[in-house]
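This report concerns only the one structure given below.
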Amino acid sequence: MKTQHTPLTQNFENILLWDSDQAPPASYRRVVLWRQFCGDMNPTQFISLPEYVEEHSLHLRNKYLAFINQVGESRSDGESVQKLLQIRPSFSYWWMTLFASTRWHPSSHSTEAIKLLALEELLTIHDWSGLDVVTDSELILEITQQLCTGYDKPCSAAISKISTSKKSTLHVFRRHIFPALLVFIRQIFRLVQVTPLSKLDSKSDLMIFDHLIRFDEEAATLGRFDSQYWRMLAPHFELMDMRVTWLHQFVESTSIPTPRDADVLLRKLSEASNEPHYLFETRPTITALTKSIRDYVHLIRTTKKLRTISQTFVPGGSKANLWPLFQDEWFDSMCGRTAIRHCLLLSIIEETLASTSHRDTGLFIMENQPWEMALIHAWRSAGHGQLIGVVNAPIRFWDLRYFYNDVSRNRPAPDHVAVNSPISRILLEEVGVPPTEICDVEALMYQYLNSPLQFGQSPDSDVLILGDFFTQISESVLNIVLPLVKTKFAHCTIFFKPHPANKNSWAYLAADGIVITDLPLSKLFATCGTVISPSSSTGAVEAYCANKHVISIPDPTTLNFSALKTIKDAQFASSSEELAFALENPVNSSVENRTFLYFDESLTKWRKLLWPSYPSDSADTVEIS
1 MKTQHTPLTQ NFENILLWDS DQAPPASYRR VVLWRQFCGD MNPTQFISLP EYVEEHSLHL
61 RNKYLAFINQ VGESRSDGES VQKLLQIRPS FSYWWMTLFA STRWHPSSHS TEAIKLLALE
121 ELLTIHDWSG LDVVTDSELI LEITQQLCTG YDKPCSAAIS KISTSKKSTL HVFRRHIFPA
181 LLVFIRQIFR LVQVTPLSKL DSKSDLMIFD HLIRFDEEAA TLGRFDSQYW RMLAPHFELM
241 DMRVTWLHQF VESTSIPTPR DADVLLRKLS EASNEPHYLF ETRPTITALT KSIRDYVHLI
301 RTTKKLRTIS QTFVPGGSKA NLWPLFQDEW FDSMCGRTAI RHCLLLSIIE ETLASTSHRD
361 TGLFIMENQP WEMALIHAWR SAGHGQLIGV VNAPIRFWDL RYFYNDVSRN RPAPDHVAVN
421 SPISRILLEE VGVPPTEICD VEALMYQYLN SPLQFGQSPD SDVLILGDFF TQISESVLNI
481 VLPLVKTKFA HCTIFFKPHP ANKNSWAYLA ADGIVITDLP LSKLFATCGT VISPSSSTGA
541 VEAYCANKHV ISIPDPTTLN FSALKTIKDA QFASSSEELA FALENPVNSS VENRTFLYFD
601 ESLTKWRKLL WPSYPSDSAD TVEIS
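Under this note's numbering, the residue at position 150 of the sequence shown is numbered 150, and the numbers go up by one with no gaps.
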């Protein structure tokens, strides 16, 4: 529902919190910008929260991670939240909640929470008699009002009075429990048509878990699994006569809209290749359904026990109660649609791995999502061998999924974490992951970049703009680029490559002379010397390693998710003016771009990890198709 604004009665001694894309008023002595950069504004009068977060990023990240751990360790009826959510002797459902998994998603509200912590810090270091708030977000307003009350300061707002965030039991049932039951029934009908693993099980040495994306679907119908994730390793599997069982997490797409369609494709692939491929979530048995219902009932009962959980959402040393940001996410994880899906997933994967013959080694694409917590627990409970989490891309400083402040060390973790960048190792070690648990491996998807003579920069070369998963962020990048099309880019071709999951609604760019392309980056890099990218794009990393002039565009509405954030010669531009300056003043690239990822087509590091006795000269016989 759209909020109704009322005029503020201005007190110029107050601080103004300005949450708008419009130009802020100049009548206040101090204005805090919620979702804008300062740009040319007076830095003594205007303070940008996005810029403050960037300047104090390490401190704020640690503070936020400590807050998450604080909620998990908080006690109710003499037990911690983690303990109350222990649904197996060695596994707490806490790690599958959306809050604990710190997802990188707009609905997680992590960005808002971190900005609110930054706002409180700003208020404590400046003189202020009160806070005036201009925002369309009822959540932000509710928390800032509570914050001002904690400091015994007035808070005025250009917004209508908000309703209380307290939820009655009836409201929770209507909002979460009833839809959860519908999802449970829907999931059963969707999965009943999927072949259970027990029907096709065969002995193998290695089991690989990944997402059913980034593979050649046409090749799959012909019996060849050509995956961008594992293409480089496949010849080594054959050379070592290693039998592999593949389990794929279903990802809905235009060509594969349902689990049934995915199952049909995988069955054809299995029969033609003589290599078993299954869906991660398979047809549930009566036992699995019963267990998932029992777990769900336990979660509902625990939700009632944790009726005062909202009081624990105040970070240490803070007076800001962040509960309004996370309450819907909490109820969804505890008794809503997410809860029932997670319970069903847990019971299915437990039964699947318990009935599977012993595997010496397991690999999975590691993003620390809830399903991975279930996988790690089920793998260990079934008594399988070593489990290795593979971090497919360099870890970003603000990708909170990889960082956690688990004092008790109860979080499910693989035996080893395989990283393809020195940056990833540094970041993981900084948050306490033991160095012995981190393994350096070659970047499987990016070995094509290991050709310094193939790529480079040219002043007359074309320009490539990369799109983002989120339309809003792509539009933000384009809004900065478009004013320069007829000046800075007048004598070159401008390509726009949309994100694979966001290809629609870009036809209008043709009117500005921008060419929409689906070509792979390896081909675009052959002609494009400059790459303009959302800060969160992995494509920016590829361009950087290809020795391109990379300019990243940060988005003030979110955090700086760039993997290049800590690189000295990385360039960022937050406006058309800054972009024009960066285009004319490229930073001399250092040797870092050649060492940002691990390159070695013979995969020496991978061979050492998977096959310690692998002959050192065997790579000469391996051909990568």
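Every residue, glycine too, gets a C-beta built ideally from N, C-alpha and C.
May I ask you to report which of helix, strand or coil DSSP gives residue i?
i	result
ARG29	coil
ILE567	coil
SER273	helix
VAL264	helix
HIS211	strand
LYS497	strand
SER160	Residue confidence is low: SER160 scores 46 on pLDDT, short of 50, so the model does not pin down where it sits. No coordinate-derived value is stated.
SER227	strand
VAL633	Absent from the structure is residue 633, since the part of the chain shown begins at 1 and ends at 625.
ILE177	helix
ILE114	helix
ILE256	coil
VAL485	coil
TRP606	helix
THR102	coil
ASN479	helix
ALA23	coil
THR149	helix
SER613	coil
HIS109	coil
Between which residues of its own chain and residue i is the CB-CB distance below 6 Å, once the five residues before and five after are set aside?
i	result
SER474	GLY467 and ASP468
TYR448	SER522
ARG337	PRO179, ALA180 and VAL183
GLU13	SER129
ASN450	PHE599
PRO612	none
CYS627	The structure shown does not extend to residue 627, since the chain is modelled only from 1 through 625, so no value can be given for it.
LEU464	PHE495, LEU524, CYS528 and VAL531
LEU583	LYS488
THR164	Per-residue confidence for THR164 stands at a pLDDT of 46, beneath the threshold of 50, marking its modelled position as unreliable; no derived number is given.
GLU350	ALA378
Identify the residues that DSSP records as bridge partners of residue i: which are they?
i	result
TYR627	Because the chain is modelled from 1 through 625, residue 627 falls outside the range shown and cannot be assessed.
TRP335	A small fix is needed here, since residue 335 is Cys in this sequence, not Trp. Paired residues: none, contrary to the question.
MET131	According to the sequence provided, residue 131 is Leu. The question's Met does not apply to it. ILE15 and CYS155, per the DSSP bridge assignment.
PHE46	VAL31
THR361	LEU206 and GLN386
GLU462	Position check: residue 462 holds Asp in this sequence, whereas Glu was assumed. Answer by DSSP bridge pairing, in chain order: CYS528.
SER92	GLN86
ILE514	ILE494
Which same chain residues, not among the five before or five after residue i, have their C-beta less than 7 Å away from its C-beta?
i	result
PHE313	VAL71, ASN321, LEU322, TRP323 and PHE326
ARG341	VAL183 and GLN187
LEU453	Residue confidence is low: LEU453 scores 48 on pLDDT, short of 50, so the model does not pin down where it sits. No coordinate-derived value is stated.
ILE387	Correcting the residue identity first, residue 387 is Leu in this sequence and not Ile. Answer for LEU387: GLY362, ILE376, TRP379, PRO414 and ASP415, listed in chain order.
SER318	LEU117 and GLU120
GLU442	ASN420, TYR598, PHE599, ASP600, LEU603, LYS605 and TRP606
THR308	SER76
LEU484	SER576, LEU579 and ALA580
TRP95	MET373, ARG411 and PRO412
VAL251	HIS211, LEU212 and ILE213
ASP512	LEU482 and VAL485
Only counting the same chain, and skipping five residues up and downstream in sequence, which positions put a Cβ closer than 8 Å to that of residue i?
i	result
GLU271	GLY223
TRP626	Within the shown structure, residues of the chain are numbered from 1 to 625, placing residue 626 beyond reach of any answer.
SER80	GLY72, GLU73 and SER74
ASP332	LEU98, HIS176, THR338 and ALA339
Original post:
Per the contact definition of three or more C-beta pairs closer than 8 Å, is the stretch 138 to 152 in contact with the stretch 297 to 308?
Top reply: Result no; under three Cβ-Cβ pairs closer than 8 Å.
Subject >> 4 or more residues per run - each alpha helix (DSSP H) lying fully within the stretch 523 to 587 >> reply: Complete alpha helix (DSSP H) runs here, min 4: 538 to 545 and 576 to 584.
Subject >> Within the stretch 370 to 457, ranges of the alpha helix (DSSP H) (whole runs, at least 4 residues) >> reply: DSSP runs (the alpha helix (DSSP H)) wholly in the stretch 370 to 457: 370 to 381 and 422 to 430.
Original post:
On the three-pair Cβ rule with 8 Å, is the stretch 218 to 235 touching the stretch 340 to 355?
Top reply: With a cut-off of 8 Å on Cβ pairs, the stretch 218 to 235 is not in contact with the stretch 340 to 355, counting fewer than three such pairs.
Original post:
Do the stretch 246 to 264 and the stretch 204 to 218 meet, that is, are 3 or more Cβ pairs less than 8 Å apart?
Top reply: The stretch 204 to 218 and the stretch 246 to 264 touch, with three or more beta-carbon pairs separated by less than 8 Å.
Original post:
Do the stretch 51 to 62 and the stretch 115 to 127 make contact, defined as three or more Cβ pairs closer than 8 Å?
Top reply: Counting Cβ pairs under 8 Å, three or more are found: they touch.
Original post:
Quick check: the stretch 420 to 428 against the stretch 102 to 110, are there 3 or more CB pairs under 8 Å?
Top reply: No, because fewer than three Cβ pairs between the stretch 420 to 428 and the stretch 102 to 110 fall closer than 8 Å, the two stretches do not touch.
Original post:
Where are the alpha helix (DSSP H) runs, 4 residues long or more, that stay fully inside the stretch 53 to 90, in chain order?
Top reply: As far as the stretch 53 to 90 is concerned, its whole alpha helix (DSSP H) runs of at least 4 residues are 57 to 73 and 81 to 84.
Original post:
Counting Cβ pairs closer than 8 Å, one from the stretch 564 to 574 and one from the stretch 599 to 613, do we hit at least three?
Top reply: Of all C-beta pairs linking the stretch 564 to 574 to the stretch 599 to 613, fewer than three are shorter than 8 Å, placing the two stretches out of contact.
Original post:
Is the stretch 552 to 562 in contact with the stretch 498 to 506, if contact means three or more CB pairs nearer than 8 Å?
Top reply: Contact between the stretch 552 to 562 and the stretch 498 to 506 is absent, because fewer than three Cβ pairs lie under 8 Å.
Subject >> Residue ranges of each alpha helix (DSSP H) within the stretch 280 to 356, 4 or longer >> reply: Along the stretch 280 to 356, the alpha helix (DSSP H) occurs as fully enclosed runs of 4 or more residues at 286 to 305, 323 to 335 and 337 to 354, listed in sequence order.
**OP:** Please determine if the stretch 284 to 300 and the stretch 38 to 45 are in contact, where contact requires at least 3 C-beta pairs separated by less than 8 Å.
**Re:** Counting Cβ pairs under 8 Å, fewer than three are found: no touch.
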